[in-house]
Amino acid sequence: MGFTMNTLWERLDLYEKLMRLDKPIGILLLLWPTLWALWLSSWGTPDWTVVWVFVLGTVVMRSAGCVINDVADRAFDPRVERTRERPLAAGKVSLREALWLFFGLLACAFFLVLTLRNWLVVAWSVPAVLLAASYPFTKRFFAVPQAYLGVAYGFGIPMAYAVQFDWIPLAAWVLLLANVFWTMAYDTEYAMVDRADDLKIGIKTSAITFGRFDVAAVMLCYAIAFALIAWVGGQMRAHWAFYAGLGVAAALAVHHYTLIRDRDPARCFKAFLHNNWVGASIFAGIVVDFVFVRGVR
Numbered sequence: 001m002g003f004t005m006n007t008l009w010e011r012l013d014l015y016e017k018l019m020r021l022d023k024p025i026g027i028l029l030l031l032w033p034t035l036w037a038l039w040l041s042s043w044g045t046p047d048w049t050v051v052w053v054f055v056l057g058t059v060v061m062r063s064a065g066c067v068i069n070d071v072a073d074r075a076f077d078p079r080v081e082r083t084r085e086r087p088l089a090a091g092k093v094s095l096r097e098a099l100w101l102f103f104g105l106l107a108c109a110f111f112l113v114l115t116l117r118n119w120l121v122v123a124w125s126v127p128a129v130l131l132a133a134s135y136p137f138t139k140r141f142f143a144v145p146q147a148y149l150g151v152a153y154g155f156g157i158p159m160a161y162a163v164q165f166d167w168i169p170l171a172a173w174v175l176l177l178a179n180v181f182w183t184m185a186y187d188t189e190y191a192m193v194d195r196a197d198d199l200k201i202g203i204k205t206s207a208i209t210f211g212r213f214d215v216a217a218v219m220l221c222y223a224i225a226f227a228l229i230a231w232v233g234g235q236m237r238a239h240w241a242f243y244a245g246l247g248v249a250a251a252l253a254v255h256h257y258t259l260i261r262d263r264d265p266a267r268c269f270k271a272f273l274h275n276n277w278v279g280a281s282i283f284a285g286i287v288v289d290f291v292f293v294r295g296v297r
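Number 11 in the numbering used here belongs to position 11 of the sequence shown; there are no gaps in the numbering.
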């Protein structure tokens, strides 16, 4: 078969689906905590070049994470209703292609880090990559892989602080811990969708581990995450806007309880998607606090 433009576009479309660029919710859930950290660490005045580097890095690393996830789960995905049509699971993309795409994305991410010219950030990018690449394999042995995902998804937080301070203060680690609990909350909602299939194929998720206490665990994780973020705000002497944004996020979490309490897969997935607004509400509170309350320009 000769090479044609149609062939090229077909391959690019498959790669887009492999990277999940057609489903940006993962990018947003990874991006919001990074933006929180960029604004908090700079006291509301981030360097816009740094912001763009982190935004692009988030897109690239999330894409790489999706690719290596499908590589790791290529034997499981064909047996799960929701994932059987993914390009690698359906045999539309080869393992070799997927690995080349993964390493290409990692090269792009490393180039972006180098543009910051901060060797502490470069150093921290190494464990960030290792965490992202190893997460899919934790589902074989770790009872709550969502906690591991929370660390991997939140590594932009200490890196954002490192750009500002050339060291990583306690607030960054507390914010990272908050992201771990938030990730456990929303990814347990996500895992509740696939629980029946996951039990059949033998992988581990928090939804399976928490069992009949899954809804209570989700709400507890939300509560701990918001409490830790409030602590960070207290250390920075945050004003009413910061806590108003956090309050909106808490109200949204309560709404999620009404969605997941009956464990209906469609409503659990809706709750998962709705977490975009949780992250956005917290970010909005941070920005309003700095720009309109503190008057930072």
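Just so you know, even glycine gets a beta-carbon here, dropped at the ideal spot from N, CA and C. Since the model is a prediction, treat every value here as computed from it, not as a measurement.
Identity of the residue in the options nearest residue i by Cα
i, options, result
"Tyr153", "Lys17, Phe141, Met61 and Trp52", "Met61"
"Phe110", "Arg79, Gln146, Val53 and Pro87", "Val53"
"Leu252", "Ser63, Arg263, Ala89 and Trp277", "Trp277"
"Ile229", "Leu220, Trp100 and Ala171", "Ala171"
"Gly211", "Ser42, Met219, Arg195 and Ser41", "Arg195"
"Gln146", "Ala90, Trp100, Phe181 and Leu114", "Phe181"
"Ala160", "Ala64, Val55, Leu101 and Arg267", "Val55"
"Ala143", "Val113, Thr209 and Leu114", "Thr209"
"Phe102", "Asp70, Ile224 and Ser42", "Asp70"
Residue i Cβ short of 8 Å to the ligand MN heavy atom set
i, result
"Ile224", "Ligands are entirely absent from the displayed structure, and the ligand MN is therefore not among its contents."
Proximity below 9 Å, CB of residue i to CB of residue j
i, j, result
"Ile68", "Ala132", "yes"
"Phe226", "Leu246", "yes"
"Thr258", "Ala217", "no"
"Thr49", "Gly156", "no"
"Val293", "Trp240", "yes"
"Ala185", "Tyr222", "yes"
"Ala280", "Leu28", "yes"
"Asp197", "Arg263", "no"
"Leu106", "Val122", "no"
"Val287", "Ala244", "no"
"Gly91", "Cys66", "no"
"Trp39", "Phe272", "no"
"Pro158", "Trp124", "yes"
"Pro265", "Val151", "no"
Chain-order list of residues whose beta-carbon lies under 6 Å from that of residue i (same chain, five-residue window excluded)
i, result
"Ala72", "Pro136 and Phe137"
"Cys298", "Here the chain covers residues 1 to 297 and nothing more, so residue 298 does not appear."
"Ser41", "Ala160, Tyr161 and Gln164"
Close beta carbons around residue i, own chain, < 8 Å, minus the five adjacent residues each side
i, result
"Leu8", "none"
"Asn118", "Ala162, Val163 and Asp166"
"Met1", "In this prediction, Met1 scores a pLDDT of 44, lower than 50, which makes its location untrustworthy; no coordinate-derived value is stated."
"His274", "Leu252, His255, His256 and Leu259"
"Asp22", "Glu16"
"Arg84", "Asp77, Pro78 and Ala90"
"Phe283", "Trp32, Leu35, Trp36, Trp39 and Gly245"
Contact set for residue i: own chain, Cβ-Cβ below 7 Å, skip 5 residues either direction
i, result
"Leu149", "Tyr135, Thr183 and Asp187"
"Met19", "Ser63, Cys66 and Val67"
"Gln235", "Ala171"
"Thr115", "Val53"
"Val51", "Leu38"
"Arg11", "none"
"Ala207", "Thr188, Ala191, Met192, Arg195 and Asp214"
Cβ contact check for the stretch 150–170 and the stretch 91–105: 3 or more pairs under 8 Å: no
Given 8 Å, three or more beta-carbon pairs between the stretch 166–186 and the stretch 28–40: yes
Touch test, the stretch 194–201 against the stretch 74–90, Cβ-Cβ under 8 Å, three pairs minimum: yes
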